[in-house]
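Below: the structure, in structure tokens.
2 protein chains.
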Amino acid sequence: MSLDCFVAGPEQSVKEPLGVGGEDLHKWLFPLRFWYKMQGKPGGEENASNDFIEESFANIGATIMGRNMFGGHPGPWKRDNPWTGWWGKNPPYHHPVFVLTHHPREPLRLEGDNTFNFVTDGIESALEQAKRAAGAKDICLAGGASVANQYLKAGLVDRMDLSVSPFLLGAGERLFEGVTDLHGLELQRTVAAPDVTHYSFVRG
Amino acid sequence: MSLDCFVAGPEQSVKEPLGVGGEDLHKWLFPLRFWYKMQGKPGGEENASNDFIEESFANIGATIMGRNMFGGHPGPWKRDNPWTGWWGKNPPYHHPVFVLTHHPREPLRLEGDNTFNFVTDGIESALEQAKRAAGAKDICLAGGASVANQYLKAGLVDRMDLSVSPFLLGAGERLFEGVTDLHGLELQRTVAAPDVTHYSFVRG
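The listed protein sequences derive, respectively, from chains P and R.
Position 65 (the first sequence) corresponds to 65 in this note's numbering; numbering is contiguous.
Position in the second sequence counted from 1, then plus 1000, gives you this note's numbering.
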């Protein structure tokens, strides 16, 4: 997020999925080995930020995200050529993804063990389904802000990894909006890189 | 500030100057040598946070603050026994302080070279007056959020030292409210202590 807690800028669109200025939030990520690997490329920097993010995603067996993060357009799914996500034919998840939406849709199976399941009966149902899918592994709450805030408010987050980019966005999708406390999540460690600060919170 | 950018909690009052939960923002400060010294006491911890805060306040020749930080009550000053601040007979400033207010008042001279000047003609005038008073020294923009945001919006801040306490307040006085960019302030360094993260921004 930015210093002022935005995880995406304003005016999100298919052209600018992270809104105006939002991509800059992830600038620190793009040179890293973790990011290269996600694109199936060798190389990339290995540093404290890379260690942090690799550890963050080390043991994920299922992902939960909001409809806006899955993207495309608001409202009911289109019948012809429905939106299939931002990530092409072979998305980087390689495990079941649960998309919270108000609009029912059959599961979308893509290459590389990527299945997107559309959940219309709320965050607790999505969590239960993700738990069954992940087995002994962890569940990643990928975002965006709205879904993250819903889970935080409900006290359903066991660990929160936060990377703060040192600038303001001034508008957009705000993390912690309406969230008044962390329900027992306590700071475990801080990693201060030159261009980003990483925080790891765990349930105390 | 808190993770969600509040520098004071809600429901500020004479009894709770920093609002509900607001004092916890400064928990990291109370054991430090810097804080002990401010109370005229010997001792206190010397650590990375103490170095940061001592450096922050090392060369201050004048302070600017808002009426709400000076405190007491909103509206015109009372004629009998007017509010003289939170800090007793000998406040910890020991230099001229400029209080931004809509209500004119004669300067208040207290012990220990503490003079509170009440400025009714805006932030630029207060800055000019503080510059003249500080001479070659720096000016501390003490707060609260409203005055800090006004100076940030106007691009009149040359350095911003930020200490982030790792919890949420959920409501209160919000830093960066309505501030959309840092006007060239760039992160110079981050100091990650276990219970607080310090950031220093300077004009690039």
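No residue lacks a Cβ here, since even glycine has one placed at the ideal position from N, Cα and C.
Using Cβ-Cβ distances below 8 Å, what residues of the segment 3–28 of chain P are close to chain R?
-> L3, D4 and C5
Would a C-beta distance cut-off of 8 Å place R:G1066 and R:L1110 closer than the cut-off?
-> Looking up residue 1066 of chain R in the second sequence gives position 66. Looking up residue 1110 of chain R in the second sequence gives position 110. No. Outside cutoff.
What number of angstroms, rounded off, separates the C-alpha of P:L108 from the C-alpha of P:F116?
-> Within the first sequence, residue 108 of chain P is the residue found at index 108, counting from 1. Within the first sequence, residue 116 of chain P is the residue found at index 116, counting from 1. Looking at the two C-alpha atoms, the distance is approximately 5 Å.
Between which two residues does the beta strand (DSSP E) carrying P:V7 extend?
-> Taking the first residue of the first sequence as 1, we reach residue 7 of chain P at position 7. Segment F6 to A8, the beta strand (DSSP E) holding P:V7.
Terminal residues of the continuous beta strand (DSSP E) containing R:F1052?
-> As a first step, residue 1052 of chain R must be located in the second sequence, where it is residue number 52. Here R:F1052 belongs to no beta strand (DSSP E); instead the alpha helix (DSSP H) covers A1048 to S1056.
Interface partners of R:V1179 on chain P, CB under 7 Å | Position 179 of the second sequence holds residue 1179 of chain R. Per Cβ cutoff of 7 Å: L168 and G170.
Looking at the unbroken beta strand (DSSP E) that takes in R:R1189, where does it start and where does it end?
-> The residue you call residue 1189 of chain R lines up with position 189 of the second sequence. That run of the beta strand (DSSP E) goes L1185 to A1193.
Where do the N-terminal and C-terminal ends of the beta strand (DSSP E) with P:F98 fall, by residue?
-> The sequence position of residue 98 of chain P within the first sequence is 98, counting from 1. Note, P:F98: beta strand (DSSP E), P96 to L100.
3-residue-minimum beta strand (DSSP E) runs that sit fully inside the segment 1122–1152 of chain R, ordered along the chain = 1138–1143
Would you say P:T190 reaches chain R, if we count a Cβ-Cβ gap shorter than 8 Å as a contact?
-> The residue given as residue 190 of chain P occupies position 190 in the first sequence. Yes, its Cβ sits closer than 8 Å to a Cβ of chain R.
Beta-carbon proximity of R:F1070 to R:G1088, cut-off 8 Å | Within the second sequence, the letter at position 70 stands for residue 1070 of chain R. Within the second sequence, the letter at position 88 stands for residue 1088 of chain R. Contact: no.
Where DSSP assigns a beta bridge to R:A1062, which residues make up the other side?
-> The sequence position of residue 1062 of chain R within the second sequence is 62, counting from 1. Bridge partners of R:A1062: R:I1139.
8 Å Cβ cut-off: residues of chain P touching R:F1052 = Residue mapping note: residue 1052 of chain R aligns to position 52 of the second sequence, counting from 1. In chain order: nothing, as chain P lies at least about 12 Å away.
Starting from R:F1030, find everything on chain P with Cβ-Cβ shorter than 9 Å and list it in chain order.
-> Here residue 1030 of chain R refers to the residue found at position 30 of the second sequence. Within 9 Å Cβ-Cβ: nothing; R:F1030 doesn't reach chain P, min ~18 Å.
Is R:E1106 buried or exposed, if buried means 16 or more other CB atoms sit within 10 Å of its CB?
-> Numbered from its first residue, the second sequence carries residue 1106 of chain R at position 106. Exposed, since its Cβ has fewer than 16 Cβ neighbours within 10 Å.
Which listed residue (R:N1081, R:G1040, R:G1184 and R:L1141) has its alpha carbon closest to that of R:Q1155 | Taking the second sequence and counting its residues from 1, one reaches residue 1155 of chain R at position 155. Residue 1155 of chain R is actually Gly in this sequence, not Gln. The residue with the shortest Cα to Cα distance from R:G1155 is R:G1184.
What are the partner residues of R:H1198, as DSSP defines its beta bridges?
-> Here the question's residue 1198 of chain R lines up with position 198 in the second sequence. Looking at the DSSP assignment, R:H1198 forms a beta bridge with R:S1163 and R:V1191.
Which chain R residues sit within Cβ distance under 7 Å of P:Y199?
-> Looking up residue 199 of chain P in the first sequence gives position 199. P1166, listed in chain order.
Assess, as a yes-or-no matter, whether the segment 1161–1178 of chain R is touched by the segment 171–190 of chain P under the definition of 3 or more beta carbon pairs within less than 8 Å.
-> yes
Counting only beta-carbon atoms, is R:L1182 nearer than 8 Å to chain P?
-> In the second sequence, the residue the question calls residue 1182 of chain R occupies position 182. With 8 Å as the cut-off, R:L1182 counts as an interface residue toward chain P.
Please go through the same chain and pick out, in chain order, the residues whose beta-carbon is closer than 6 Å to the beta-carbon of P:N211, but skip the five residues on each side of it.
-> The structure shown does not extend to residue 211 of chain P, since chain P is modelled only from 1 to 204, so the question has no answer here.
Cross-chain neighbours of P:L187 in chain R, by beta carbon under 7 Å = For the purposes of this step, residue 187 of chain P is identified with residue 187 of the first sequence, where counting begins at 1. The contacting residues are P1166.
To which residues does DSSP link P:L108 through a beta bridge?
-> Working through the first sequence from its first residue, we reach residue 108 of chain P at position 108. Per DSSP, P:F116.
Endpoints, alpha helix (DSSP H) assigned at P:W35 | Position 35 of the first sequence, counting from 1, holds the residue named residue 35 of chain P. First-last of the alpha helix (DSSP H) with P:W35: R33 to M38.
Ordered along the chain, which non-local residues of its own chain (more than five positions away) have a Cβ less than 6 Å from that of P:T197?
-> For the purposes of this step, residue 197 of chain P is taken as residue 197 along the first sequence, with counting starting at 1. Excluding residues within five positions, the ones whose Cβ falls inside 6 Å are V164.
Assign R:F1030 to one of two classes, buried (16 or more other C-beta atoms within 10 Å of its C-beta) or exposed (fewer than that).
-> Here residue 1030 of chain R is taken as the residue at index 30 of the second sequence, counted from 1. R:F1030 should be labelled exposed.
Own chain, CB closer than 8 Å to R:E1186, minus 5 neighbours either side, in chain order = Stepping through the second sequence from its first residue, residue 1186 of chain R is reached at position 186. The answer, listed in chain order, is F1201, V1202, R1203 and G1204.
Measure the C-alpha to C-alpha separation of R:R1132 and P:R189 and round it to an integer number of angstroms.
-> The residue given as residue 1132 of chain R occupies position 132 in the second sequence. The residue given as residue 189 of chain P occupies position 189 in the first sequence. So the alpha carbons of these two residues sit roughly 43 Å apart.
Do we get a CB-CB distance below 8 Å when we pair P:F176 with the residues of chain R?
-> For the purposes of this step, residue 176 of chain P is identified with residue 176 of the first sequence, where counting begins at 1. Answer yes: the Cβ-Cβ gap between P:F176 and chain R drops below 8 Å somewhere.
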